[in-house]
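Taking it in order: structure first as structure tokens, then the write-up.
There are 2 protein chains.
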Amino acid sequence: MSVARRPQVVIVGGGFGGLACARKLDGSSVDVLLVDGHNYHLFTPLLYQVATALLNPSDIVYPFRTIFRRSTNVRFRQAYVTRVDFDTGVVHTRDDEQIRYDHLVLASGSTNNYYGNPELSRFTIGMKTIPEALRLRNHVLSCLELAARETALEDKRQWLTFIVAGGGPTGVEYSGALAELLKLVLGRDFPELPPSLARIILVEGTDRLLGHFSPELGAYAEQILARRGIEVRISTLLQKSDDASVTLSTGEVIRARTVVWSAGVRATEPTGNDRLTRSRSHRLEVDQYLRVKGVDGVYAIGDVASVPHGDGELPMLSAPAMQAGRYVARAILQRARGRPTDEIRPFRYVDKGAMATIGRNAAVAQAGPLRLSGFIGWLTWLVVHIYYLIGFRNRLAVLASWAWDYIRKDRSIRIIARSEADPLTEELETGRGTPPRETRTPGP
Amino acid sequence: MSVARRPQVVIVGGGFGGLACARKLDGSSVDVLLVDGHNYHLFTPLLYQVATALLNPSDIVYPFRTIFRRSTNVRFRQAYVTRVDFDTGVVHTRDDEQIRYDHLVLASGSTNNYYGNPELSRFTIGMKTIPEALRLRNHVLSCLELAARETALEDKRQWLTFIVAGGGPTGVEYSGALAELLKLVLGRDFPELPPSLARIILVEGTDRLLGHFSPELGAYAEQILARRGIEVRISTLLQKSDDASVTLSTGEVIRARTVVWSAGVRATEPTGNDRLTRSRSHRLEVDQYLRVKGVDGVYAIGDVASVPHGDGELPMLSAPAMQAGRYVARAILQRARGRPTDEIRPFRYVDKGAMATIGRNAAVAQAGPLRLSGFIGWLTWLVVHIYYLIGFRNRLAVLASWAWDYIRKDRSIRIIARSEADPLTEELETGRGTPPRETRTPGP
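In the order they appear, the protein sequences are chains A and B.
All the letters of the first sequence, read from the start, carry residue numbers 1 to 444 under this note's numbering.
All the letters of the second sequence, read from the start, carry residue numbers 445 to 888 under this note's numbering.
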């Protein structure tokens with residue numbers, strides 16, 4: 001192994017946690033390599049607006065290379081990490097690259113959790129990534145076109161029944177936005193489809209919506225959703241699903257062509273290592289310095305880290321991930337400067353609150369003892385989300401889209417637009433495509 | 445067959461021709477059904493800007509249903525037409541729907557023509573549709589990421605060599621835009637990739653670029669492209685292609701991972717009928733009233749129609765298609781009012797000119813004796829394209845993107861963003877996906 005002059009920090013994953021860590025290390029005395037399967041940072045809180053034809057994907061993502069264009073010590077590599085060798089300190093990628101690290105930050109986020117039910121993964125549509133959100137947009141708009149073809153009201157209704165599994169922020173925000181999309185489009189753009197045929201059913205396993213929020217805000221969300229025509233089924237689980245119907249734990253069978261899955265996530269953690277201890281949600285156990293237990297020089301932050309909090313663990317949200325990312329950056333720099341561990345302060349999460357929007361003029365927000373809802377909550381939500389978006393152009397584009405659609409009562413990106421599959425791109429992003437063939441020697 | 449009170453006009457295809465025809469018939473005394481495989485009209489002249497990360501797909505498309513939202517007599521159906529039965533006057537769709545017509549307008553456009561070479565269709569990327577343009581954007585950006593991984597300069601160069609086949613407006617415009625993208629991105633966003641490694645090779649079979657334009661403008665385009673570093677090979681054909689190299693008709697073998705196909709189109713014509721006579725480019729032969737020869741009540745316009753012009757046929761461009769669409773609309777209304785054919789004037793094409801952009805501050809335009817090039821040509825091109833875009837929001841979005849990218853010297857939509865495949869959407873758009881299963885009866 002070559003001796004590096006500067007410590008090499010490898011960050012796996014450029015979500016909120018990984019990006020915050022890389023930004024904090026930008027300009028410091030360590031070399032940083034940020035590795036991600038996508039070439040952009042995704043602002044996940046607005047993904048449901050891409051799925052409901054309000055925003056373009058490009059409005060809520062930002063290329064990593066542009067973020068670090070002027071950096072002298074942060075580089076980016078688009079790659080799919082498959083394994084980490086903790087003994088030699090090497091990260092292996094799908095394309096057989098080996099990346100040496102002195103400090104490793106695991107920030108690989110989470111993916112849909114189907115709790116071992118393959119039917120659910122096959123017949124539901126997730127909403128964790130841009131490809132999934134685009135699929136969901138295309139799928140829902142396709143359902144409208146297919147409903148328009150039908151003559152029997154029963155069949156139209158089946159295409160227009162949308163089941164949303166999971167009453168957390170994602171499920172609540174998506175349901176609200178979908179209700180608005182249908183209200184704006186049915187009847188007006190689709191004279192064949194009376195708005196009364198549409199059904200949105202939000203299914204939640206626990207006894208309330210928005211479990212991370214105060215009970216009053218959860219009740220408020222339920223009331224607003226009900227007023228906007230969404231059927232909320234609490235204490236209910238999705239039991240079976242295929243492409244024509246779903247079965248609920250109450251025994252009810254509903255004919256539907258669409259099930260949106262926001263009922264569970266699990267940590268995606270690329271080490272492939274049995275030694276590490278994991279929590280029930282597959283998150284890696286970490287010590288009070290966010291170091292992964294049992295290995296040296298490895299940190300875990302965000303959704304992949306199980307950080308004790310109250311009588312559970314920190315929620316899988318952007319705020320804890322960003323705080324952990326910045327904390328780990330500082331801790332790495334302190335260790336690089338030789339400060340002993342007992343002089344480094346442990347990680348402490350500061351709860352700055354949470355917010356979720358339910359649709360036009362209605363959102364919930366809480367911060368400490370403060371509870372906001374309705375129009376004020378909605379305005380707060382707008383300002384905070386614009387503030388946290390990366391890039392002036394994205395802020396402008398999102399604000400312009402919101403203003404246009406608010407005033408014109410429209411959803412502008414109502415297009416069924418797939419991308420044709422490209423083997424190179426698929427391989428790069430998922431490691432599942434056709435690998436390029438061997439390089440040929442140029443002939444005569 | 446039921447007796448229709450109003451004549452039913454079916455238009456197959458909502459490109460420039462079909463849309464112009466439907467708009468002209470909007471508000472008239474006939475019922476119109478516009479059938480298209482996509483749910484949007486595509487402004488093809490700007491597709492190369494989607495492929496080069498300058499514009500979002502949503503900026504250059506417009507949903508048909510929104511265009512005809514307030515219409516009382518134009519309806520839309522997203523469907524894939526497979527066959528026309530001229531004897532019974534019925535259009536068949538892939539999903540087994542049968543649509544009766546009194547007047548049929550075939551406006552189904554054109555598709556990539558590989559002249560029977562399956563290798564070319566397999567290893568090249570076309571640029572006729574949104575899915576293709578998105579694939580091309582993702583592919584080129586993936587090539588940059590894959591080049592960044594390589595250590596040998598030779599291998600980097602292979603990823604950074606881009607062959608563009610076809611020196612018509614599409615090939616010229618794409619080459620110019622790709623050169624700008626690479627110039628802005630290499631070195632700056634990719635410190636691993638010296639700009640000098642990139643090669644763009646434009647291959648044209650005839651002895652000049654932009655065959656539809658005057659020879660001086662073709663020479664000007666060649667000169668500008670050369671000055672911007674693009675290698676132009678005239679009188680050269682692409683002979684073989686795989687995913688690692690191409691072979692030209694000169695015998696030259698070039699290692700490259702990307703071949704863009706803009707070297708030929710052929711009419712896509714969904715009648716599946718052997719009786720009809722077709723020209724060499726598969727276009728349907730029509731009489732002077734644009735009626736398809738040999739059948740009654742059927743018109744062909746745009747790329748599917750072979751309209752004699754000079755010693756050839758009208759070019760496959762938007763202007764002839766739009767003029768033909770409006771002409772056919774008028775002819776249908778005149779016939780519906782009982783006017784005899786010999787009192788209807790034959791179709792006459794008025795050549796209003798053509799234009800193509802070569803990149804920043806350079807374009808060519810000609811109209812009658814007028815020849816424009818350079819900055820003035822480029823400004824003219826801008827104004828004309830904004831004028832012809834549909835929808836105020838699209839105009840604003842395109843203008844804002846152009847202004848931003850012109851001033852900031854940036855390409856903002858530099859994201860590798862696929863959409864996850866959705867069986868419903870695939871089936872709806874291409875008829876090739878998994879059809880939905882039989883509807884189940886709800887169980888207990």
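Positions of the beta carbon are idealized from the N, C-alpha and C atoms, including for glycine.
A quick note: this is a predicted structure, and the numbers were derived from the prediction, not measured.
Close-in-space but distant-in-sequence residues of the same chain around residue i (CB under 6 Å, 5 per side omitted)
i	result
glycine 325 (chain A)	Gly17, Ala20, Cys21, Ile301
arginine 449 (chain B)	none
serine 2 (chain A)	Confidence at serine 2 (chain A) is low in this model, with a pLDDT of 48, below 50, so its placement is unreliable and the value that follows should be read with caution. Same-chain partners within the cutoff: there are none.
glycine 797 (chain B)	Gln810, Ala811
threonine 680 (chain B)	Val647, Leu692, Ser693, Thr694
alanine 263 (chain A)	Ala165, Gly166
glycine 176 (chain A)	Ile358, Gly359
valine 505 (chain B)	Tyr484, Leu486
Member of the options whose CA lies at the smallest distance from the CA of residue i
i	options	result
arginine 157 (chain A)	A:Ile200, A:Pro215, A:Trp402	A:Ile200
aspartate 303 (chain A)	A:Glu150, A:Leu333, A:Val265	A:Val265
valine 32 (chain A)	A:Tyr40, A:Arg23, A:His38, A:Asn39	A:Arg23
histidine 103 (chain A)	A:Val9, A:Thr161, A:Ser196, A:Phe76	A:Val9
glutamate 757 (chain B)	B:Val697, B:Asp740, B:Gly738, B:Asp731	B:Asp731
valine 260 (chain A)	A:Ser29, A:Ala133, A:Gly37	A:Ala133
glutamate 696 (chain B)	B:Gln683, B:Tyr559, B:Ala688, B:Gly738	B:Gln683
isoleucine 234 (chain A)	A:Leu136, A:Gly310, A:Arg208	A:Arg208
leucine 604 (chain B)	B:Ile569, B:Gly570, B:Asp540, B:Ala642	B:Ala642
glycine 471 (chain B)	B:Thr516, B:Leu498, B:Gly481	B:Thr516
Within chain B, the residues that residue i reaches when beta carbons sit closer than 8 Å
i	result
valine 61 (chain A)	Ile859, Ala861
aspartate 189 (chain A)	Pro507, Arg509, Thr510, Arg513
Sequence-distant residues of the same chain with beta carbon closer than 8 Å to residue i, five excluded per side
i	result
threonine 437 (chain B)	The question about residue 437 (chain B) has no answer here: the residues shown for chain B are numbered 445 through 888.
glutamate 438 (chain A)	Note that glutamate 438 (chain A) scores a pLDDT of 34, beneath 50, so its modelled location is shaky; the value from the coordinates is reported in the next line. Around glutamate 438 (chain A): no qualifying Cβ.
aspartate 410 (chain A)	Leu184, Trp404
alanine 107 (chain A)	Ile11, Val12, Gly13, Gly14, Gly15, Gly17, Gly18, Cys21, Ala300, Ile301, Gly302, Val304, Ala321, Gly325
proline 886 (chain B)	Since pLDDT at proline 886 (chain B) reaches only 33, below the 50 mark, its modelled position is unreliable, and the value read off the structure follows with that caveat. Hits under 8 Å: none found.
arginine 509 (chain B)	Asn483, Phe520
histidine 656 (chain B)	Gly612, Pro613, Pro759, Leu761, Ala798
glutamate 563 (chain B)	Lys684, Ser685, Asp686
leucine 481 (chain A)	The requested residue 481 (chain A) is not part of the displayed model; chain A covers only 1 to 444.
threonine 721 (chain B)	Leu728, Glu729, Lys737, Gly738
proline 436 (chain A)	Confidence in proline 436 (chain A) is poor, its pLDDT being 38 and thus under 50, which makes the residue's placement too unreliable to answer from.
phenylalanine 751 (chain B)	Inspection of the sequence shows that residue 751 (chain B) is occupied by valine rather than by phenylalanine. Here the set comprises Val730, Leu734, Glu757, Leu758, Pro764, Ala768, Phe791, Tyr793.
Residue span of the alpha helix (DSSP H) that contains residue i, given as start and end
i	result
valine 584 (chain B)	574 to 593
glutamine 158 (chain A)	153 to 159
glycine 462 (chain B)	460 to 469
glycine 377 (chain A)	374 to 388
leucine 178 (chain A)	169 to 185
tyrosine 733 (chain B)	Here tyrosine 733 (chain B) belongs to no alpha helix (DSSP H), and DSSP marks it neither H nor E.
Chain-ordered neighbours of residue i on chain A, where CB pairs are closer than 8 Å
i	result
histidine 583 (chain B)	Asp422, Leu424, Thr425
arginine 725 (chain B)	A quick correction: the sequence has serine, not arginine, at residue 725 (chain B). What serine 725 (chain B) touches in chain A: nothing, since even the nearest Cβ is about 24 Å away.
serine 856 (chain B)	Ser58, Arg393
serine 565 (chain B)	Within chain A, no residue comes near serine 565 (chain B); the closest Cβ sits about 12 Å away, beyond 8 Å.
Partner residues on chain A for residue i, Cβ-Cβ distance less than 7 Å
i	result
tyrosine 484 (chain B)	Ile415
isoleucine 574 (chain B)	Ala417
Where the beta strand (DSSP E) containing residue i begins and where it ends
i	result
glutamine 767 (chain B)	Per DSSP, glutamine 767 (chain B) belongs to no beta strand (DSSP E); it is in the alpha helix (DSSP H), 762 to 780.
arginine 83 (chain A)	81 to 85
serine 554 (chain B)	554 to 556
aspartate 849 (chain B)	Here aspartate 849 (chain B) belongs to no beta strand (DSSP E); instead the alpha helix (DSSP H) covers 836 to 852.
glutamine 98 (chain A)	98 to 100
alanine 809 (chain B)	806 to 811
Listed by chain order, chain B residues near residue i by CB distance under 9 Å
i	result
tryptophan 404 (chain A)	Arg837, Leu840
Sequence-distant residues of its chain with Cβ nearer than 7 Å to residue i (five each side left out)
i	result
leucine 580 (chain B)	Ala495, Ile569, Met571, Val704
arginine 735 (chain B)	Val742, Tyr743
histidine 139 (chain A)	Ile125, Thr258
glutamate 624 (chain B)	Gly803, Arg804
alanine 904 (chain B)	For chain B, the structure presents residues 445 to 888; residue 904 (chain B) sits outside this window and is missing.
Under 7 Å from the C-beta of residue i: neighbouring residues of chain B
i	result
glutamate 445 (chain A)	Residue 445 (chain A) lies beyond the stretch modelled for chain A, which goes from 1 to 444, so this question has no answer here.
Going along the segment 57 to 83 of chain A in order, which residues come within less than 8 Å of chain B, judged by CB to CB distance?
-> Look at the segment 57 to 83 of chain A: the residues with a C-beta under 8 Å from a C-beta of chain B are Pro57, Ser58, Val61, Pro63, Arg65, Thr66, Arg69, Arg75, Arg77, Gln78, Ala79.
Using a Cβ cut-off of 8 Å, which residues of the segment 78 to 112 of chain A contact any Cβ in chain B, in chain order?
-> Gln78, Ala79, Asp95, Glu97
Residues in the segment 148 to 159 of chain A having any Cβ partner in chain B nearer than 8 Å | Ala148, Arg149, Asp155, Gln158
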